[in-house]
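Here is the structure we will look at, set down as structure tokens.
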């Protein structure tokens, strides 16, 4: 990704990389107990995702932390549909806002 970002930068283009998190990363509080029973560990998964975005950023890639943008609090509309992994319109707006913020900072 860093090599691609550098090659694009030489031609005047900024790569904005958005690793879209899984529903489990964005909404860990909504996971059923069975997921934890089967070994899913939300803090470890978040650490891996954050480590990846931080490593990309350290190499000069504009990497958006969409996980943070898609996290919801009590009473917020969910970012993902209840029974499938697609973003809801609210989730898409949150992701778009995070991407727009990254673009504005470049």
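Residue numbers (my numbering): 185 to 290. Where is the CB? At the ideal position from N, CA and C, for every residue including glycine.
Note that the segment 222 to 231 does not touch the segment 260 to 267; fewer than 3 beta-carbon pairs, one per stretch, sit closer than 8 Å. Residue 245 holds the alpha-carbon nearest to the alpha-carbon of residue 187 among 229, 216, 245.
Taking every protein chain shown into account, the CB of residue 250 has 16 or more other CB atoms within 10 angstroms, so this residue is buried. Looking at 247, 289, 259, 258, the one whose alpha-carbon comes closest to that of residue 203 is 247. By a beta-carbon distance limit of 8 Å, residue 261 does not contact residue 279. Their separation comes to about 13 Å.
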